[in-house]
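Trainee:
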Amino acid sequence: MRTQVAIIGAGPAGLLLGQLLHKAGIDNVVLERQTPDYVLGRIRAGVLEKTAVDLLDLAGVSQRAHQEGLVHDGIELIFDGARHRIDLAELTGGKHVTVYGQTEVTRDLMDARKAAGLATIYEADVVRLEDIETHTPQVRYRQGGEERVLQCDFIAGCDGFHGVSRKSIPASVLRTYERVYPFGWLGMLADVPPVSDELIYAHTPRGFVLCSMRSKTRSRYYLQVPLSDHVEDWSDNAFWDELRLRLGADACRNLVTGPSLEKSIAPLRSFVTEPMRHGRLFLAGDAAHIVPPTGAKGLNLAASDVGFLHEALTDHYLEKSASGIEHYSKRCLERVWSAERFSWWFTTLTHRFSEMGEFELKMQAAELNYLVKSRAASSALAENYVGLPMRIESLLETCA
Ligand code: APR
Ligand code: PHB
-12 MRTQVAIIGA
-2 GPAGLLLGQL
8 LHKAGIDNVV
18 LERQTPDYVL
28 GRIRAGVLEK
38 TAVDLLDLAG
48 VSQRAHQEGL
58 VHDGIELIFD
68 GARHRIDLAE
78 LTGGKHVTVY
88 GQTEVTRDLM
98 DARKAAGLAT
108 IYEADVVRLE
118 DIETHTPQVR
128 YRQGGEERVL
138 QCDFIAGCDG
148 FHGVSRKSIP
158 ASVLRTYERV
168 YPFGWLGMLA
178 DVPPVSDELI
188 YAHTPRGFVL
198 CSMRSKTRSR
208 YYLQVPLSDH
218 VEDWSDNAFW
228 DELRLRLGAD
238 ACRNLVTGPS
248 LEKSIAPLRS
258 FVTEPMRHGR
268 LFLAGDAAHI
278 VPPTGAKGLN
288 LAASDVGFLH
298 EALTDHYLEK
308 SASGIEHYSK
318 RCLERVWSAE
328 RFSWWFTTLT
338 HRFSEMGEFE
348 LKMQAAELNY
358 LVKSRAASSA
368 LAENYVGLPM
378 RIESLLETCA
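Residue numbering for the sequence shown is -12 to 387, as defined by my numbering.
(1) Please find out if some non-hydrogen atom of ligand 1 comes closer than 7 Å to the beta-carbon of Cys145.
(2) Within 7 Å: the Cβ of Ile156 and any heavy atom of ligand 1?
(3) Please return the same chain residues whose Cβ sits closer than 6 Å to the Cβ of His190, not counting the five positions on each side in sequence.
(4) Kindly indicate the opening and closing residues of the alpha helix (DSSP H) around Gln50.
(5) With C-beta atoms as the reference, is Gln21 less than 8 Å away from Tyr109?
(6) Looking only at DSSP bridge pairs, what is Thr163 linked to?
(7) Over what stretch of residues does the alpha helix (DSSP H) that includes Phe391 continue unbroken?
(8) Ordered along the chain, which non-local residues of its own chain (more than five positions away) have a Cβ less than 7 Å from that of Arg162?
(9) Do Leu197 and ligand 1 come close, with the Cβ less than 7 Å from some heavy atom?
(10) Decide if Thr334 is buried, meaning its Cβ has at least 16 other Cβ atoms within 10 Å, or exposed.
(11) For Thr204, does the count of other Cβ atoms within 10 angstroms reach 16, so buried, or fall short, so exposed?
(12) Determine the DSSP secondary structure at Met97, reduced to helix, strand or coil.
(13) According to DSSP, simplified to helix, strand and coil, what is Glu380?
(14) In whole angstroms, what is the alpha-carbon distance linking Ala253 and Gly28?
(15) Could you give the DSSP three-state label for Arg322: helix, strand or coil?
(16) Quick check: is any heavy atom of ligand 1 less than 7 Å from the C-beta of Gln130?
(17) Determine whether the Cβ of Leu214 lies closer than 8 Å to any Cβ atom of chain D.
(18) Would you mind sorting Lys284 into buried or exposed? The rule is 16 or more other CB atoms within 10 Å of its CB.
(19) Just the Cα atoms here: how many angstroms apart are Tyr164 and Phe148?
(20) Taking 6 Å as the limit between beta carbons, can you name the residues of its chain near Gln(-9), skipping five residues before and five after?
(21) Does the Cβ of Leu288 lie closer than 7 Å to at least one heavy atom of ligand 2?
(22) Tyr372 and Leu137 - do their beta-carbons sit closer together than 8 Å?
(23) Output the boundary residues of the beta strand (DSSP E) element that contains Ala143.
(24) Report yes or no: do the region 211 to 219 and the region 84 to 102 share at least 3 C-beta pairs separated by less than 8 Å?
(25) Taking 7 Å as the cut-off, is the CB of Arg207 close to at least one heavy atom of ligand 2?
(26) Please find out if some non-hydrogen atom of ligand 3 comes closer than 7 Å to the beta-carbon of Gln125.
(27) Is it a yes or a no for the region 256 to 276 touching the region 305 to 324, going by three-plus beta-carbon pairs under 8 Å?
(28) Can you tell which of Leu383, Glu380, Glu384 and Leu375 has the C-alpha that lies nearest to the C-alpha of Gly80?
(29) Three-state secondary structure (DSSP) at Glu117?
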């Protein structure tokens, strides 16, 4: 089998790229190790920056995100028992974020891909990338007990943190940067109305809390927990009790509890790979970088990588220019590092670290106070939260 672009991974990065390339008339095949239901079963963050929504528009898959997504103009911070609103719109000249679950983004992309009749091979486990330094790379994968080969012009490694793509870049070229945090997030999804209209990020003596949502009737809550905790040991009641203890009576006034639809513990990590291209292999999304979820930058970064990759490949096929390909890694990494900085900072500011002494706790409190009292500090949070501006030529053309 042969295609122009072989895409490894049917997560949001791979599927969005496939749709954008299809719109530009560039042939592509997606190879995914899991089944569609398995991919849709993974619960991840749900806050979209404008650039991500613009890319969904460009791909023609944003109808439901516009209809069902919730536009949020602000977030709330809780610390020292008091609530503070960060007015994102007022601080950024009218910008906002859209709350729409990553699962729904993935579902919309899968539906669009199916409707367009594009080739997606599920339960295809990519085992090796070959000849990535030549003009004729190939992807070797196993499906139904048989080994097969997909020949292509380019490979898009959208196969997440545990995929094979990153490992195919020679060790002599690859550099990685990593920070692992000494705690995890215990997430719970429940069909109950959210405790508040806006997201709440809370710094409390018992650990961090995030109150988020998927819709006006479905809530998503997170508690900072030790990495040694096991999800089976957290009953629904234990979760709600701990949430109440951390948030306090005032913030819990409108809390509605109910049975969980899902509970899981995720570790927190900052991770960056450089470069993001080697020969004809491009890395995009979690294959290249991981952010801790505080601030919800993971999906947004995956989307911006895909924006730059779409530009690189349309430059190549439609403009006959190598400029986008040559600049891909640098363009992505500039944005990646700024989102890494923001996610690391927001995590460090809002979580309890066991190694923190009294001085560090006082510094955390002083910084939180400064954040809500200084317009400059609040603006820095707001502009990062809604997403720093980004220049993707194809988006500028559509928005013009
Ligand atoms: N062969 C085929 N598919 C593979 C292989 C392989 N060897 N290895 C991994 N995959 C698939 C996984 O099964 C998964 O469906 O690649 C896909 C990668 O998808 P994601 O992990 O969702 O990664 P990405 O598309 O980059 O999404 C980024 O997800 O984790 C969040 O914070 C992150 O929100 C961000 C988004
Ligand atoms: C979520 O809704 O899952 C979510 C929202 C905001 C975050 C992280 C996760 O910062």
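For each residue, glycine too, the CB sits at the ideal point set by N, CA and C.
Mentor: The short version:
(1) The residue given as residue 145 occupies position 158 in the sequence shown. Yes, ligand 1 has a heavy atom inside 7 Å of this Cβ.
(2) Within the sequence shown, the letter at position 169 stands for residue 156. Every heavy atom of ligand 1 is 7 Å or more from the Cβ of Ile156, so no.
(3) Position 203 of the sequence shown holds residue 190. Excluding sequence neighbours, His190 sits near Phe66 and Thr337.
(4) For the purposes of this step, residue 50 is taken as residue 63 along the sequence shown, with counting starting at 1. Under the DSSP assignment, Gln50 falls in the alpha helix (DSSP H) whose first and last residues are Gln50 to Glu55.
(5) Against the sequence shown, residue 21 aligns to sequence position 34. Against the sequence shown, residue 109 aligns to sequence position 122. The answer is yes: Cβ separation under 8 Å.
(6) Along the sequence shown, read from residue 1 onward, the residue named residue 163 stands at position 176. DSSP, once it has assigned bridges, lists Thr260 as partnering Thr163.
(7) Nothing about residue 391 can be read from this structure; the chain reaches only from -12 to 387.
(8) Numbered from 1 along the sequence shown, position 175 holds the residue referred to as residue 162. Same-chain partners within the cutoff: Glu261.
(9) Reading the sequence shown from its first residue, position 210 is the one you call residue 197. No.
(10) For the purposes of this step, residue 334 is identified with residue 347 of the sequence shown, where counting begins at 1. Burial call: buried.
(11) In the sequence shown, counting from the first residue as 1, residue 204 sits at position 217. Exposed, by the Cβ-count rule.
(12) On the sequence shown, residue 97 is found 110 positions in, with the first residue counted as 1. Note: Met97 maps to helix in three-state DSSP.
(13) Locating residue 380 in the sequence shown gives position 393, counting from the first residue. In this structure, Glu380 counts as helix in the three-state DSSP scheme.
(14) As a first step, residue 253 is located in the sequence shown; it is residue number 266 there, counting from the start. As a first step, residue 28 is located in the sequence shown; it is residue number 41 there, counting from the start. Looking at the two C-alpha atoms, the distance is approximately 15 Å.
(15) Residue 322 sits at position 335 when you count from the first residue of the sequence shown. Helix.
(16) The residue you call residue 130 lines up with position 143 of the sequence shown. Incorrect: Gln130 has no Cβ contact closer than 7 Å to ligand 1.
(17) The structure shown has no chain D; it contains just one protein chain.
(18) Position 297 of the sequence shown, counted from the first residue, corresponds to residue 284. Its Cβ being crowded by 16 or more others within 10 Å, Lys284 is buried.
(19) Within the sequence shown, numbered from 1, the residue matching residue 164 stands at position 177. Within the sequence shown, numbered from 1, the residue matching residue 148 stands at position 161. Between Tyr164 and Phe148, the C-alpha separation is close to 13 Å.
(20) Stepping through the sequence shown from its first residue, residue -9 is reached at position 4. Taking Gln(-9) as the centre and dropping the five residues before and after it, the same chain places the C-beta of Ile13, Asp14 and Asp140 closer than 6 Å to its C-beta, in chain order.
(21) For this step, residue 288 is matched to residue 301 along the sequence shown. For ligand 2, not one heavy atom lies less than 7 Å from the Cβ of Leu288.
(22) If you number the sequence shown from 1, residue 137 lands on position 150. If you number the sequence shown from 1, residue 372 lands on position 385. Not a contact, by the Cβ cut-off of 8 Å.
(23) Locating residue 143 in the sequence shown gives position 156, counting from the first residue. First-last of the beta strand (DSSP E) with Ala143: Phe141 to Gly144.
(24) With a cut-off of 8 Å on Cβ pairs, the region 211 to 219 is not in contact with the region 84 to 102, counting fewer than three such pairs.
(25) To locate residue 207, count along the sequence shown from 1; it is residue 220. Checking the Cβ of Arg207 against ligand 2 gives yes.
(26) What this structure holds is ligand 1 and ligand 2, not ligand 3.
(27) yes
(28) By 1-based counting over the sequence shown, the position of residue 80 is 93. Nearest of Leu383, Glu380, Glu384 and Leu375 to Gly80, Cα basis: Leu375.
(29) In the sequence shown, residue 117 corresponds to position 130, counting from 1. Glu117 carries a strand assignment under DSSP once its states are collapsed to helix, strand and coil.
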